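The structure under discussion appears below in the form of structure tokens.
Numbering (the numbering used here), first residue to last: 55 to 319.
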């Protein structure tokens with residue numbers, strides 16, 4: 055396989071960092087983009103191979119992402135794999151979430167994907183090849199209470215990915231969307247919203263059967279196979295089938311699970 059040029063947002067930690075390592079181990083060049091310049095550089099410095107890049111950028115800022123695009127064009131001449139991975143976690147019911155919080159989470163979780171696609175997709179289409187990878191969440195496939203803005207933002211990423219796949223299917227560009235549930239990572243560092251819900255999410259992560267490495271290994275293998283919908287956490291394939299086939303049963307089980315998890319909180 056020829057060496058690929060890969061850009062990953064949110065590469066300074068968590069799944070983005072883990073995927074950067076796996077692409078680099080496969081012999082690819084990786085551009086590590088993160089809002090935290092120091093973290094992005096630590097990721098780049100740990101990667102095997104050479105030719106990797108570090109860029110500090112806020113994915114919610116148009117000008118910052120345009121500069122990222124310009125740097126990639128100047129240094130590499132184009133991109134083969136775009137991983138729109140950066141995002142933030144939020145919690146709160148509809149009546150508790152402010153309009154400012156809505157705007158922030160949609161800008162970071164949804165419009166950042168739009169920015170990445172608008173900037174890098176034309177080059178992929180012109181080259182007749184490429185792969186766009188968007189990190190959503192199982193919350194984008196199956197809604198749950200008290201994560202209103204987060205779930206809506208991730209559902210938008212799933213819908214965007216489905217429509218983008220239809221738009222570019224005959225242009226040599228693949229599209230994948232990642233929909234993990236809770237696993238042990240540092241996503242909660244970006245938490246915005248109800249602190250009690252953050253504690254609940256932390257407990258869910260701590261008791262999840264999936265680790266960062268197990269999720270990253272599954273994701274990378276699925277991407278190499280060209281899969282569209284990637285469910286990398288152990289419990290979710292069955293939950294997704296239940297939700298599609300028996301939606302009312304799934305809904306009752308969801309409410310029961312949430313009630314048991316929050317009992318005594």
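Just so it is clear, CB atoms sit at the ideal spot from N, CA and C, and this is done for glycine as well. Computed from a predicted model, the values in this text were never measured in an experiment.
DSSP bridge partner residues for residue 85 (one or two, in chain order): What you label residue 85 is simply residue 31 of the chain shown in a count that begins at 1. Bridge partners of residue 85: 61, 107.
Per DSSP, which one or two residues make a beta bridge with residue 201? Locating residue 201 in the chain shown gives position 147, counting from the first residue. DSSP lists 146 as partners of residue 201.
Run through DSSP, which three-state label would residue 318 get? The residue labelled residue 318 in the question sits at position 264 within the chain shown. Residue confidence for residue 318 is low, a pLDDT of 49 falling below 50, so the modelled location carries little weight; the figure read from the coordinates is stated next. Three-state result, residue 318: coil.
With DSSP as the reference, label residue 137 as helix, strand or coil. One-based indexing of the chain shown puts residue 137 at position 83. Looking at residue 137 - three-state DSSP - the assignment turns out to be strand.
Ordered along the chain, which non-local residues of its own chain (more than five positions away) have a Cβ less than 7 angstroms from that of residue 229? By one-based count along the chain shown, residue 229 stands at place 175. Excluding sequence neighbours, residue 229 sits near 186, 215, 218, 219, 222, 282.
On the CB-based measure, 16 or more other CB atoms within 10 Å of its CB, does residue 290 come out buried or exposed? Position 236 of the chain shown, counting from 1, holds the residue named residue 290. Classification for residue 290: buried.
Hey, quick one: how far does the beta strand (DSSP E) through residue 185 stretch, first residue to last? Along the chain shown, read from residue 1 onward, the residue named residue 185 stands at position 131. Unbroken beta strand (DSSP E) run through residue 185: 184 to 189.
With distances taken Cα to Cα, identify the nearest neighbour of residue 266 among 67, 118, 184, 152. On the chain shown, position 212 is the one that residue 266 refers to. That would be 67, whose Cα lies nearest to the Cα of residue 266.
If you draw a straight line from the alpha carbon of residue 180 to that of residue 147, how long is it in whole angstroms? The sequence position of residue 180 within the chain shown is 126, counting from 1. The sequence position of residue 147 within the chain shown is 93, counting from 1. Linking residue 180 to residue 147 through their CA atoms gives a straight-line distance of about 43 angstroms.
Run the CB neighbour count on residue 286, radius 10 Å, all protein chains shown included, and call it buried at 16 or more, exposed below. Within the chain shown, the letter at position 232 stands for residue 286. It is buried - the Cβ of residue 286 has at least 16 other Cβ atoms within 10 Å.
Pull up the distance between the alpha-carbon of residue 211 and that of residue 140, whole angstroms please. The residue given as residue 211 occupies position 157 in the chain shown. The residue given as residue 140 occupies position 86 in the chain shown. The alpha-carbon atoms of residue 211 and residue 140 are separated by roughly 12 angstroms.
Ordered along the chain, which non-local residues of its own chain (more than five positions away) have a Cβ less than 6 angstroms from that of residue 118? As a first step, residue 118 must be located in the chain shown, where it is residue number 64. Here the set comprises 111, 112.
Do you know offhand how far residue 162's Cα is from residue 89's? For the purposes of this step, residue 162 is taken as residue 108 along the chain shown, with counting starting at 1. For the purposes of this step, residue 89 is taken as residue 35 along the chain shown, with counting starting at 1. Their backbone Cα atoms lie some 11 angstroms apart in a straight line.
For the alpha helix (DSSP H) holding residue 268, just list the boundary residues, first then last. Against the chain shown, residue 268 aligns to sequence position 214. Counting along the chain, the alpha helix (DSSP H) containing residue 268 begins and ends at 266 to 278.
For residue 155, which of 197, 207, 100, 123 has the nearest alpha-carbon? Position 101 of the chain shown, counted from the start, is the residue given in the question as residue 155. For residue 155, the nearest C-alpha among the options comes from 207.
Rounded to whole angstroms, how far is the Cβ of residue 322 from the Cβ of residue 192, which I believe are closer than 8 angstroms? Since the displayed the chain opens at 55 and closes at 319, residue 322 lies outside it and no answer follows.
According to DSSP, residues forming a beta bridge with residue 228: Within the chain shown, residue 228 is the residue found at index 174, counting from 1. For residue 228, which the question treats as bridged, DSSP gives the partners 185.
Taking three-plus beta-carbon pairs below 8 angstroms as touching, is the segment 131 to 138 in contact with the segment 168 to 183? Verdict: yes, contact present.
With H, G and I counted as helix, E and B as strand and the rest as coil, what does DSSP make of residue 284? For the purposes of this step, residue 284 is taken as residue 230 along the chain shown, with counting starting at 1. Assignment of residue 284 by DSSP, reduced to helix, strand and coil, places it in the strand class.
What are the complete beta strand (DSSP E) segments, minimum 3 residues, inside the segment 149 to 176? Runs of the beta strand (DSSP E) lying entirely within the segment 149 to 176, each at least 3 residues long, are absent.
Continuous alpha helix (DSSP H) stretch holding residue 194: start and end: Counting from one through the chain shown, the residue named residue 194 turns up at place 140. No alpha helix (DSSP H) contains residue 194, which DSSP labels as neither H nor E.
Three CB pairs or more closer than 8 angstroms across the segment 188 to 204 and the segment 122 to 132: With the cut-off at 8 angstroms, the segment 188 to 204 and the segment 122 to 132 do not touch.
I want to check one thing, is the minimum distance from the CB of residue 64 to the heavy atoms of the ligand HEM below 7 angstroms? Only the bare structure without any ligand can be found here, which leaves the ligand HEM out of the picture.
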